[in-house]
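Student: This structure is in structure tokens; I'll ask about it shortly.
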Amino acid sequence: MKYPAVRNYIAGQFVEDAHPRTLDIFSPLSGAVISTVPLSGSEALNQAVEAAKAAFPAWSAMPIKERVQVFYRYKTLLDKHLQELTMLVHEENGKTLDEARAEVEKAIELTEFACSLPQLVAGELLEVSQGVECRAERKPLGVVASIAPFNFPNMVPHWTIPNAIALGNCMILKPSEQVPISAGRIAELLKEAGLPDGVFNVVNGDKEIVEAICDHPDIKAVSFVGSTKIAKVVYQRATSNLKRCVALGGAKNHLLVLPDAHVDMTASNVAASMSGCAGQRCMAGSAMVAVGSVDHIITRLVEEARKIVPGKNLGSVISQQAKERIERYITEAEQAGAKVLLDGRNAVVAGQEDGYYVGPTVIDHVTPDMAIAKEEVFGPVLAIIRAENLDEALDIENSSNYGNAASVFTQSGGLARYVMENASAGMIGVNIGVPVPREPFSFGGWNESKFGACDITGKSSIEFWTQLKKVTTKWNPESRVNWMS
Ligand code: NAD
Numbered sequence: 001m002k003y004p005a006v007r008n009y010i011a012g013q014f015v016e017d018a019h020p021r022t023l024d025i026f027s028p029l030s031g032a033v034i035s036t037v038p039l040s041g042s043e044a045l046n047q048a049v050e051a052a053k054a055a056f057p058a059w060s061a062m063p064i065k066e067r068v069q070v071f072y073r074y075k076t077l078l079d080k081h082l083q084e085l086t087m088l089v090h091e092e093n094g095k096t097l098d099e100a101r102a103e104v105e106k107a108i109e110l111t112e113f114a115c116s117l118p119q120l121v122a123g124e125l126l127e128v129s130q131g132v133e134c135r136a137e138r139k140p141l142g143v144v145a146s147i148a149p150f151n152f153p154n155m156v157p158h159w160t161i162p163n164a165i166a167l168g169n170c171m172i173l174k175p176s177e178q179v180p181i182s183a184g185r186i187a188e189l190l191k192e193a194g195l196p197d198g199v200f201n202v203v204n205g206d207k208e209i210v211e212a213i214c215d216h217p218d219i220k221a222v223s224f225v226g227s228t229k230i231a232k233v234v235y236q237r238a239t240s241n242l243k244r245c246v247a248l249g250g251a252k253n254h255l256l257v258l259p260d261a262h263v264d265m266t267a268s269n270v271a272a273s274m275s276g277c278a279g280q281r282c283m284a285g286s287a288m289v290a291v292g293s294v295d296h297i298i299t300r301l302v303e304e305a306r307k308i309v310p311g312k313n314l315g316s317v318i319s320q321q322a323k324e325r326i327e328r329y330i331t332e333a334e335q336a337g338a339k340v341l342l343d344g345r346n347a348v349v350a351g352q353e354d355g356y357y358v359g360p361t362v363i364d365h366v367t368p369d370m371a372i373a374k375e376e377v378f379g380p381v382l383a384i385i386r387a388e389n390l391d392e393a394l395d396i397e398n399s400s401n402y403g404n405a406a407s408v409f410t411q412s413g414g415l416a417r418y419v420m421e422n423a424s425a426g427m428i429g430v431n432i433g434v435p436v437p438r439e440p441f442s443f444g445g446w447n448e449s450k451f452g453a454c455d456i457t458g459k460s461s462i463e464f465w466t467q468l469k470k471v472t473t474k475w476n477p478e479s480r481v482n483w484m485s
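Heads up: the sequence shown at position 294 corresponds to 294 in the UniProt record's numbering, and the numbers run straight through without jumps.
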């Protein structure tokens with residue numbers, strides 16, 4: 001399907017950008033051009049910031065119980081338009097319809113959490129000495145920005161939009177230029193839910209607009225989700241401009257499989273973890289550490305992975321370049337001596353011959369020094385690394401620069417607990433391949449998978465999107481007597 005040209009959304013209106021640069025948007029499913037996106041610069045950003053600044057006094061002055069009413073209405077609109085939003089994600093990102101629906105459902109859950117914020121942000125009050133009272137309350141920051149990656153066009157923007165806005169901030173969203181269509185529909189639905197113009201704005205673009213966001217003196221906080229390479233750049237640039245920043249980066253998540261693991265449960269979980277969303281998840285288990293004798297589990301895992309078929313229950317990857325990069329990793333590992341048990345190179349889907357598909361791939365006897373063991377492949381590829389014991393497996397996991405997630409598969413509570421305690425990652429799974437903490441828990445990794453103090457969702461995000469105002473009061477007890485006499 002063809003979509004109208006993407007436009008920026010500023011002060012409640014879709015606006016043309018005078019900026020001449022544009023980019024074609026390809027559907028990864030078919031390789032066809034489905035729209036174009038403007039690559040805006042600081043001029044468009046300045047307009048969006050002015051709109052957000054103008055909206056901020058009235059929006060932030062509104063009690064939070066009133067602000068969240070917008071999100072109650074917005075949640076019902078997301079429910080109503082679930083099918084349509086699902087289709088948008090499917091077409092612009094290439095993930096399967098089931099995965100796209102799950103993404104929008106997760107966006108709904110994130111919106112529900114924002115509706116509960118009044119219960120979570122009530123302040124503190126204490127009489128600190130006779131007649132002297134201290135109170136602390138959470139205040140919004142002002143104009144904030146959210147920069148998103150390509151792999152979740154609907155969900156990742158919802159990591160930030162409902163919480164930041166319900167807490168009283170005005171936001172500028174910069175979607176991924178590869179998948180910018182969903183963001184326009186999000187803007188329309190927020191307006192329909194009653195969000196005042198200027199509270200939410202969308203500016204499209206690439207490096208230029210991201211740098212302008214990091215430099216803009218009136219943007220108080222920047223959240224970023226994307227690769228580690230760019231997360232570092234954004235974190236350094238935003239903080240050197242004295243902004244608050246949380247920047248989530250890439251991942252290499254290890255799945256530690258122990259010999260006593262439940263065979264069917266482990267095989268299906270590992271296969272789903274490495275292939276879901278075509279492996280394009282920061283929570284994908286892309287490295288399995290096989291501890292001791294687990295060949296029986298690997299055999300079952302390959303059987304499971306074989307059932308994952310491109311174009312049926314496996315979506316496409318995002319671009320032709322991504323497909324080539326992923327296939328290059330497989331070839332290089334094979335040339336370095338790893339054994340390809342299941343080969344997804346050169347996958348073709350009948351009727352979608354120009355789509356960007358890579359089949360499920362399982363590679364055994366990968367060694368820790370190979371690029372495929374260390375780097376983020378971001379495709380439906382599982383690298384199996386052999387370890388003799390659990391400590392060696394943990395050393396492999398902990399030597400990674402990343403630290404988003406790690407999982408252990410075992411039926412021993414003691415061994416599971418040992419991994420929980422000793423794995424250097426922000427999100428740990430026990431017999432769970434994709435251990436995403438659901439609300440009210442927060443989402444965020446460790447090491448080079450996240451820069452900044454707070455997590456991006458859940459309770460931790462409340463701290464990120466607000467600042468504490470502390471008030472100390474004392475009243476003269478005589479004044480009441482004087483007035484009454
Ligand atoms: P990316 O880093 O290429 O792009 C992310 C954003 O940065 C986009 O909006 C893009 O326009 C912008 N950008 C790209 N190059 C830039 C540059 N040179 N300077 C400034 N801005 C630039 O990431 P992607 O390919 O869109 O997304 C995939 C990556 O995101 C993977 O590494 C994945 O692990 C990561 N990711 C992480 C999480 C997490 O929670 N840690 C979640 C989702 C995705």
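Idealized CB from N, CA, C, for every residue including glycine.
1) Kindly indicate which three-state DSSP category residue 294 falls into: helix, strand or coil?
2) Give the single residue among 86, 309, 34 whose Cα lies nearest to the Cα of residue 25.
3) Mark residue 435 as exposed unless 16 or more other C-beta atoms lie within 10 angstroms of its C-beta, in which case mark it buried.
4) From residue 60 to residue 359, what distance separates their C-alpha atoms?
5) Should residue 470 be listed as close to ligand 1, given that the test is whether its C-beta is under 8 Å from any heavy atom?
6) Of the choices 438, 243, 143, whose alpha-carbon is the least far from that of residue 111?
7) Have a look at the DSSP bridge pairing and note the partners of residue 33.
8) Please go through the same chain and pick out, in chain order, the residues whose beta-carbon is closer than 7 Å to the beta-carbon of residue 373, but skip the five residues on each side of it.
9) Could you check which residue in 301, 155, 138 has the C-alpha nearest to that of residue 265?
10) Quick one: does the C-beta of residue 151 sit closer than 8 Å to a heavy atom of ligand 1?
11) Can you tell me whether residue 218 is buried or exposed, with buried defined as 16 or more other CB within 10 angstroms of its CB?
12) May I ask you to report which of helix, strand or coil DSSP gives residue 136?
13) Where do the ends of the alpha helix (DSSP H) carrying residue 329 lie?
14) Are the Cβ atoms of residue 403 and residue 387 separated by less than 9 Å?
15) Can you give the Cα-Cα distance for residue 57 and residue 171, rounded to whole angstroms?
16) Mind listing, in chain order, the continuous beta strand (DSSP E) runs of no fewer than 3 residues lying wholly within the stretch 83-154?
17) Report the rounded CA-to-CA distance for residue 90 versus residue 6, giving the unit in angstroms.
18) Quick check: the Cα distance between residue 253 and residue 396, rounded to an integer number of angstroms?
19) So the beta strand (DSSP E) residue 244 belongs to, where does it begin and stop?
20) Once DSSP output is grouped into helix, strand and coil, what is the label at residue 170?
21) Does the structure place the stretch 336-355 close enough to the stretch 238-254 that three or more beta carbon pairs sit under 8 Å?
22) Can you name the start and end residues of the beta strand (DSSP E) that residue 13 belongs to?
23) DSSP three-state label for residue 550, please.
24) Below 8 Å CB to CB, which residues in the same chain sit around residue 347 once its five sequence neighbours on both sides are set aside?
25) Can you give the beta carbon distance from residue 285 to residue 258, rounded, assuming they're within the 8 Å contact cut?
26) Could you tell me whether the Cβ atoms of residue 136 and residue 125 are closer together than 9 Å?
Tutor: In short:
1) coil
2) 34
3) buried
4) 49 Å
5) no
6) 438
7) 26
8) 287, 366, 367, 383, 385
9) 301
10) yes
11) exposed
12) strand
13) 320-335
14) no
15) 13 Å
16) 124-129, 132-140, 143-147
17) 17 Å
18) 11 Å
19) 244-248
20) strand
21) no
22) 13-15
23) There is simply no residue 550 to check, as the chain begins at 1 and stops at 485 in what is shown.
24) 310, 357, 358, 359
25) Their Cβ separation, rounded to whole angstroms, is 15 Å, which puts residue 285 and residue 258 out of contact at 8 Å.
26) yes
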